[in-house]
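Visitor:
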Amino acid sequence: MTVIGNRKALAHDGEFRLSEASARDYFELLKPRVMSLVVFTAFAGLVMAPGHINPVLGLIAILCIAIGAGASGALNMWYDADIDAIMTRTAKRPIPAGRIAPREALAFGLVLSCFSVTILGLAVNWLAAFILAFTIFFYAVIYTMWLKRSTPQNIVIGGAAGAFPPMIGWACVTGTVTIESFVLFMIIFLWTPAHFWALALFKMEDYEAVGVPMLPNVSGERTTKHQIVAYAVLTAVCGVLPTALGFASLGYGLVAAALGAIFIYCSIAVWRMPDGDEKMIPAKKLFGFSILYLFAIFSALMFDRLAAVLVSHAGGIF
Numbered sequence: 001m002t003v004i005g006n007r008k009a010l011a012h013d014g015e016f017r018l019s020e021a022s023a024r025d026y027f028e029l030l031k032p033r034v035m036s037l038v039v040f041t042a043f044a045g046l047v048m049a050p051g052h053i054n055p056v057l058g059l060i061a062i063l064c065i066a067i068g069a070g071a072s073g074a075l076n077m078w079y080d081a082d083i084d085a086i087m088t089r090t091a092k093r094p095i096p097a098g099r100i101a102p103r104e105a106l107a108f109g110l111v112l113s114c115f116s117v118t119i120l121g122l123a124v125n126w127l128a129a130f131i132l133a134f135t136i137f138f139y140a141v142i143y144t145m146w147l148k149r150s151t152p153q154n155i156v157i158g159g160a161a162g163a164f165p166p167m168i169g170w171a172c173v174t175g176t177v178t179i180e181s182f183v184l185f186m187i188i189f190l191w192t193p194a195h196f197w198a199l200a201l202f203k204m205e206d207y208e209a210v211g212v213p214m215l216p217n218v219s220g221e222r223t224t225k226h227q228i229v230a231y232a233v234l235t236a237v238c239g240v241l242p243t244a245l246g247f248a249s250l251g252y253g254l255v256a257a258a259l260g261a262i263f264i265y266c267s268i269a270v271w272r273m274p275d276g277d278e279k280m281i282p283a284k285k286l287f288g289f290s291i292l293y294l295f296a297i298f299s300a301l302m303f304d305r306l307a308a309v310l311v312s313h314a315g316g317i318f
């Protein structure tokens, strides 16, 4: 069944009519699970940044970043509606399921994009707004429209879109981009391939059906497993860089090292998994742990920063 065949909001007596979508359908269009990760890492960048931002402006900044992330998701779903209708994990999304018409989703995404960037620029600063605009463009155009369907390295290059949020949060406070914010960017950038290729291993049939050149389908499981281990090691090393560069404590470094060791262990379990294993249990475990890893790393960074601030204030009092 084609996507067009599923759309109940297209033609009626020869004329276009709006779909009868609910607020929940539009919320789903924003990819809320992806948005939650974006908001969390952006907030971490805002907390980690030196200096101070008015709490109200900080809230506006996070809301704009969340709306911008949602806009990216809507534009992604609009463009990918054809393949979403075929893949099992995406077939029930609002557009292929016929609950939202494609051009409604496009208009929704474009309006949210303009709104989020404009408000962030006017309320906070234009550097942060520019990075947010570039992030939306990178995800919707560079990744979704170009890389995703043209190269097995799609998720490596495209992963930059998901890595910008902490840099945006940092820029909201400081008005600059520094080596510290770049390290936060690199943690997510290097984490993305191992995270997503673990998913791609147990969703190979879906990607094969829609012709998306994911690494396991193009280069095979063995090559994918090698690269998963390589990126897990790079992620673990990058995870301790905040301590090595002096903007996080030794305590954070020990936590990051432990999390990185588990990440590498899980990736090796995937590497040892027999090719063609139908259950793909190690890959599923790595995918699950990778999400926990990112939340834990950025939680540890924020806790470390807040602890340093409290100790500094206590020292000032005594």
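The UniProt record's numbering puts the first residue of the sequence shown at 1, with every later residue one more than the last.
Where a beta carbon is used, it is the ideal one built from N, C-alpha and C, also for glycine.
Pick out whichever of 54, 51, 132 and 267 has its Cα sitting closest to the Cα of residue 227.
Guide: Nearest of 54, 51, 132 and 267 to residue 227, Cα basis: 267.
Visitor: So, helix, strand or coil for residue 186, using DSSP?
Guide: Correct three-state label for residue 186: helix.
Visitor: What number of angstroms, rounded off, separates the C-alpha of residue 190 from the C-alpha of residue 171?
Guide: The alpha-carbon atoms of residue 190 and residue 171 are separated by roughly 21 angstroms.
Visitor: Please report the distance separating the alpha-carbon of residue 95 from that of residue 28.
Guide: One C-alpha to the other measures close to 10 angstroms.
Visitor: Looking at the structure shown, is residue 89 part of a helix, part of a strand, or coil, going by DSSP?
Guide: Correct three-state label for residue 89: coil.
Visitor: From the DSSP output, in three-state form, read off residue 214 for me.
Guide: Three-state result, residue 214: coil.
Visitor: Do residue 308 and residue 255 have their CB atoms nearer than 8 angstroms?
Guide: Going by C-beta atoms, residue 308 is not nearer than 8 angstroms to residue 255.
Visitor: Taking 8 angstroms as the cut-off, does the region 145-157 touch the region 198-217 (at least 3 CB pairs, one atom from each stretch)?
Guide: Verdict: yes, contact present.
Visitor: Using the C-alpha atoms, what's the distance from residue 204 back to residue 47?
Guide: Roughly 38 angstroms between the two C-alpha positions.
Visitor: Please classify residue 201: does DSSP put it in a helix, a strand, or coil?
Guide: Residue 201: helix per DSSP, three-state reduction.
Visitor: Could you pull out every residue in the same chain whose Cβ sits closer than 7 angstroms to the Cβ of residue 305, ignoring the five residues on either side in sequence?
Guide: Closer than 7 angstroms at Cβ, skipping near neighbours: 47 and 48.
Visitor: Helix, strand or coil for residue 195? Go by DSSP, reduced to three states.
Guide: Helix, per DSSP.
Visitor: Among the residues of its own chain, which have a CB less than 6 angstroms from the CB of residue 282, if the five just before and after it don't count?
Guide: 269, 270 and 273.
Visitor: Out of 176, 200 and 140, which has the shortest C-alpha to C-alpha gap to residue 126?
Guide: Comparing Cα-Cα distances from residue 126 to each of 176, 200 and 140, the minimum goes to 176.
Visitor: So for residue 249, helix, strand or coil by DSSP?
Guide: If DSSP states are grouped into helix, strand and coil, residue 249 belongs with coil.
Visitor: Less than 6 angstroms between C-beta atoms, sequence neighbours within five positions excluded: which residues of the same chain meet that for residue 221?
Guide: These residues qualify, in order along the chain: 275.
Visitor: According to DSSP, is residue 6 part of a helix, a strand, or is it coil?
Guide: Note that residue 6 scores 41 on pLDDT, short of 50, meaning its location in the model is unreliable and no value can be drawn from it.
Visitor: Which residue marks the beginning of the alpha helix (DSSP H) containing residue 113, and which one marks its end?
Guide: 102-123 is the extent of the alpha helix (DSSP H) around residue 113.
Visitor: Could you tell me the distance, in whole angstroms, from the CA atom of residue 52 to the CA atom of residue 58?
Guide: Near 9 angstroms, if we compare the C-alpha coordinates of residue 58 and residue 52.
Visitor: According to DSSP, is residue 95 part of a helix, a strand, or is it coil?
Guide: Of the three classes helix, strand and coil, the one that applies to residue 95 here is coil, per DSSP.
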